[in-house]
Structures are given as C-alpha cells and as structure tokens.
Amino acid sequence: MADLAIYYDSSKCTGCKGCMVACKTWNNLPSPIELNSQPYSGTYQNPVDLNENTRTIITYKERKRENAYGIDWAFGSRRCMHCTDAACVKVCPSGCLYHDDNGFVVMDIDKCIGCQYCRAACPFDVPRHTGVNVRGADIKIDKCDACATRVAHGMKPACVTTCQPNALDFGPREEMLTRAHERVEWLHKRGYADARVYGETEAGGTHVIMVLKYDISQYDLPENPNTNKGAASNVMKPLTALAAVGIVGGLGITYARAHGYHRDHMAYDTKTHDVVDMDKDEVERHIDKEAGER
Amino acid sequence: MSAKMEQKEQRYIQRHSMQTRITHDIVAVACIWLTFSGLFVFIPALASAFPDFTRAMRVSHRIVGCILIITPIVSAILSPRGVGRFFKKYFTKWTPEDKEFTKKFVPYMLNARNVHMPDQDEVKSGQRFADGLMVVGVLLMAISGLVLWLGTSVWRVSGDTASVMRTIHDICFLILVIFVVAHVYLGAGIFEPYKGTGKLMWGNGQVSESNALYHWGFWARKELEKGDKVLLKDENDQVVARGKEAVDLGNTYIEEKLKQKAPLKQE
C-alpha cells in the first residue's frame, strides 16, 4: 500500500482552530473549562503547547506588517509528523509505537509502559503522557495517530474533514508532495521567496507534508530534525549483553582453572614472626621485622 | 575455656562491623532488584511481552532506587567516622605490591594454582579499583536515575537532558554488570582461590587467619599482632578465646606443632 500523508498549507490556514476542536471531539480529549486555567502564550496561540489532552495546535507567530498598518500572523501546525525515520519508534522499548501500513506512527496503548523515552527522543517534542506522577504506574503516551481508526474505515482524519479553508488535506503521500511543490511555486511567484515544502526529506520523510509560507523560523519546526537522540541506548544494549557474556565466560575460565585447587592452611606466629604452613608443619617464610618487612 | 588450643580450633579476625555488613547487604539486594526490574525496560522483548508487569517493575525500580540512595546516607550519618575510615582505606598510596598485584591479576585469575600474589594491605589494589568504580557507578546511576524519574514527573527536563541521562545510566549499567558480576563471584567465596570470603559480608564479618594471610597478608599480620579483633573459635563456630588470649593460644599451638615435626626432620 502506498504511503498516505496529511497535507497542511500554512498559506491557506486562517488559524480558526477548527482542526484542534475536531481532534479533541473525535479523540475524546477534554479541555480545561475553568476560567483562566491556561497560561497565556502572549499570542492567540492557546494552549501554549501540546499537552496530554491536546494532540495538535495551531502556532501563532506575530510580526509587524511591512509598509502597512497592523500585524501579520504566521500560522503553523504542530503535531506528530509521522516520520519515516521515527526516533520514537527506535527508542520505544515495549513495541507500543510502530508504523502502520500507511506509514503513520501509531501506538498500541496497552503496551505503553510510561518510560517517556519517546518524548526525550522526538526531534519535534511531540509525545505527551497522561497520568504523569511520581509513582509512575499509570503513565500512558498520548499523541496524534492520524486518526488510525477513521483511516482504517476509509475516512479522513478528523482535523482534515473540518478544515474550512482547505489548508488540510489527506491522501497518497506522493500526491500531497506534488501539490505542495505546486503551491510553493505559486507562492514564490507571488513574492514569498522563503516559501518551502517541509517533510519531504526531513526525518527520513514525514507523513505530514507542510507548505511553509514564510521562513522556517516562523514555525516551531527544526531545520534538521535529529532522529538519533536516543540511539546511544541501542548501541549500549548489545554492548552490555556482550560484556555480561564476557565476564561470565571469563569467570567460567577462572572457575575451571581453579577447580580442585586446595590452599594449605596458613597461620602466623606473632612471637617468632613466622608464617607457617599448618598442613605441612613448615615455616613458609619469616617476616624480618628488623629489615622493615611487614 | 581450655588453656590450650585444640586442633579443630582456628583464629579469626573481625574484618567488618555489623553496620558495614547491613549497609552492604541492603545495597547489594537493592542492586540485584534494580538490575532485575531495570532489565524489563532495557530488554525490548521483556517489556513487550509483559507490559503490565513492566509497569509494576518500574514502580518498584523507583522505590528500591530510593532504598539504594538512602541506605548509605543513613549509614554515613550513623557513623561519620566510618566514612573517614572508608576513604582512608580506599584512597591510599600505591605500594610496589599493589602494582605487582595489578600486573598479575589476569594471569592470577586464569592460573591461581601457580601464580601467587604478593602480600596486600587491608584493601587490595584490585579491590580499591573495582569497588571504587562500583561506588562511582552507583553514584552516577543514582543521579541520572533521579533526573530521569523526577525530571519526567515533578518537573520537566528537556529531551536532550533526558537522553544524556539515559546514556549515563546505560554506560554505568555496563560498567556495573562487569564489576558487580565479578564482585559477586569473588565475594560469594564459593570457589577457589576466594573460598571462604562469603561470610565477610553475608555472615559474621569474620575471616579465618589462613584466608586473611592469603588475601591481605600485611593487614592480617598487623591485626594478629594488635590482637584486639582476633577470635579463637572451635569447629562449631563457638568463640573459645578473644583478643590477646586468642593470639597467644594460637602462637603456642603453632610452636608446639612445629616442635612435634622437628624430631622427624632430624631422623
């Protein structure tokens, strides 16, 4: 099956947050409803960042409009990028995170052990966890799974279906890429020189294809996502196994070589300063105290 | 109490105090449990096969980790002078015998029958190195473990910090696997040439005169001459004499045994 992808065009996005609401609705993710319970981000970006009940947010970067009155916004989408070279999948020790047939990074929530390695390894700082506490027994990952249950039934992800300006779309990855390149070309012609496609090659190619209208600094995306943050552990594991086998083997040789070895019973006469072999009844050596021997 | 030492009797030296033994044993059991519980996260096949059990193991890893950290701290508070003695024993000048021991260690382990070690002080150079690495390893384990635990629950560390801490945790685990396995094998004292060392930490903390002379010659002779930590015990492990008296009874026994043999030699 050909890989699928979510398409996001920041130049069409109006920052309506419909996708955020659709995501919460479909995935049963609650929102805090107490007055002023969310910290203020300084812009209309709310919540400030992804959290254990928010799998996608629209980022708002404000700047002064050039040669005109008012401000410009750069809207961006922050969500799981569904990397081909997914750092989280590489570090997940329990097999909870894996790629589905469409190329999306999905999770088998029953297998999550709450180690949060995925969060540490993700170059996009995406995975969040519910039930985080000091005891740590009930921690579970929460992140975008591209609405795997919907896709399995031939539907588009919830966010895509609700996007009113058609900034979001869903389809075969190749098609989405072609469309993104066409759109970037169009933007270049319109004078948006920094416009670019994001996700074609980043992190081994992501399954969220983005059209960035402005320079990448206007979006919460790394220029070169490092998908090897947790890789050291994958080297250490076989090394440790090797060390364990080595030391047990080495000690096995020691055991075999010393098997049956009997040490004579020794004693030390503190008066005569003789070390005596009590099995042979012989003085083995004399400690010459006057010569400074100990 | 007999005025004479019997053939079945033997002198012992009290090497470790009750507090040292209890501290060591709690830490040792904690380390074994931490290894066992840690393996469930470390080995993907285990975590994947038993995710619920792995979650329970992770909780126990935290509790036992706390025990590992608190035990030496409590012990140090109970006996600050013991901490001083510990450092004095471990940070000592390298004697020529220490250097010889280090050079001979591998050949000795492979051929203890024929390769013989020089006399050693209270803590052998090899012990100082291995135990020192274990102390440093556990210390780094504790620090990185605390950051990984609290940094993902009480506060939030960055992904980079967590990755670095996990790598430290992994590297220290590798070091500890090597040195703890060797330490357990040698310290259990079941096999030669280390037979009889098991009781030092898991029993009464006493070492027989013969074993003491074999492993820590300088220290054994010094303690026998001082006498305050020497015990004379019969084959049922009952103390027959203590201190100076035990030393003297032993000396007389050695001298008489040698005398009995002497006439045979002259024939």
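Taken in sequence, the protein lines are chains A and B. Per our numbering, the first sequence starts with residue 188, numbered consecutively. Per our numbering, the second sequence starts with residue 7, numbered consecutively. The C-beta atom is built at its ideal place from N, Cα and C for all residues, glycine as well.
If we define contact as Cβ-Cβ less than 8 Å, is residue i a contact residue for chain B?
| i | result |
| --- | --- |
| PRO412(A) | no |
| HIS473(A) | no |
| GLN225(A) | no |
| ASN289(A) | no |
| LEU438(A) | yes |
| LYS330(A) | no |
| HIS452(A) | yes |
| ASP232(A) | Note that residue 232(A) is Gln in the sequence shown here, rather than Asp. No, its Cβ sits nowhere closer than 8 Å to a Cβ of chain B. |
| ILE300(A) | yes |
| MET268(A) | no |
| THR317(A) | no |
| ASP312(A) | yes |
| TYR455(A) | yes |
| LEU284(A) | no |
| VAL384(A) | no |
| ILE244(A) | no |
| SER281(A) | yes |
Is it buried or exposed, residue i, if we count other Cβ atoms within 10 angstroms and call 16 or more buried?
| i | result |
| --- | --- |
| GLY165(B) | buried |
| LEU399(A) | buried |
| PHE107(B) | buried |
| MET24(B) | exposed |
| ILE245(A) | buried |
| ALA308(A) | buried |
| ALA478(A) | exposed |
| TYR195(A) | buried |
| ARG91(B) | exposed |
| TRP161(B) | exposed |
| VAL313(A) | buried |
Going by beta carbon distance, what residues of the same chain come within less than 6 Å of residue i, once the five residues before and after it are set aside?
| i | result |
| --- | --- |
| ILE474(A) | HIS460, GLU480 |
| ALA367(A) | VAL384, ILE396, VAL398 |
| THR317(A) | GLU239, LYS327, ASP329 |
| MET268(A) | PHE311, THR393, VAL395 |
| ARG315(A) | LEU237, ASN238, GLU239, ASP329 |
| CYS178(B) | GLY143, LEU146, MET147 |
Against chain A, does residue i count as a neighbour if the rule is that its beta carbon must be under 8 Å from one of theirs?
| i | result |
| --- | --- |
| LEU255(B) | no |
| LEU219(B) | yes |
| VAL245(B) | no |
| GLY165(B) | yes |
| TYR191(B) | yes |
| ARG248(B) | no |
| GLU198(B) | yes |
| PHE42(B) | no |
| ILE75(B) | no |
| ASN242(B) | no |
| GLN20(B) | no |
| LYS105(B) | no |
| LYS267(B) | yes |
| PHE111(B) | no |
| PRO278(B) | For chain B, the structure presents residues 7 to 273; residue 278(B) sits outside this window and is missing. |
| THR108(B) | no |
DSSP three-state call for residue i: helix, strand or coil?
| i | result |
| --- | --- |
| ILE28(B) | helix |
| ILE328(A) | strand |
| PRO113(B) | helix |
| ILE193(A) | strand |
| ASP137(B) | helix |
| ALA247(B) | strand |
| HIS274(B) | Residue 274(B) falls outside the range modelled here, since chain B spans only 7 to 273, and no answer is possible. |
| SER214(B) | strand |
| GLY358(A) | strand |
| VAL235(A) | coil |
| TYR455(A) | strand |
| VAL121(B) | coil |
| ASP104(B) | helix |
| LEU264(B) | helix |
| VAL142(B) | helix |
I'd like the list of long-range same chain contacts for residue i, defined as Cβ closer than 8 Å, with 5 residues on each side in sequence excluded.
| i | result |
| --- | --- |
| GLY193(B) | TYR200, THR203, GLY204, LEU206, MET207 |
| PHE197(B) | TYR191 |
| LYS298(A) | SER281, GLY282, CYS283 |
CB-CB under 7 Å to residue i, same chain, minus the five flanking residues each way: which ones, in chain order?
| i | result |
| --- | --- |
| ILE258(A) | GLU249, ARG250, LYS251, ARG252 |
| LEU45(B) | LEU52 |
| ASP407(A) | THR246, GLY263, ARG265 |
| GLN351(A) | CYS203, GLY205 |
| ILE174(B) | LEU146, SER150 |
Open item on the list: Threshold first: 4 residues or longer. Then list the alpha helix (DSSP H) segments lying entirely within the region 152-197 of chain B, N to C.
Closed with: 165-194
Task: Whole beta strand (DSSP E) elements within the region 242-321 of chain A, 3-residue minimum - done: 244-251, 258-265, 284-286, 292-294, 315-317
- [ ] Starting from the N-terminal side, write out each stretch of the alpha helix (DSSP H) that is 4 residues or longer and does not extend beyond the region 15-97 of chain B.
- [x] 24-48, 50-55, 57-84, 86-96
Task: Runs of alpha helix (DSSP H) lying entirely within the region 371-453 of chain A, each at least 4 residues, in chain order - done: 418-445
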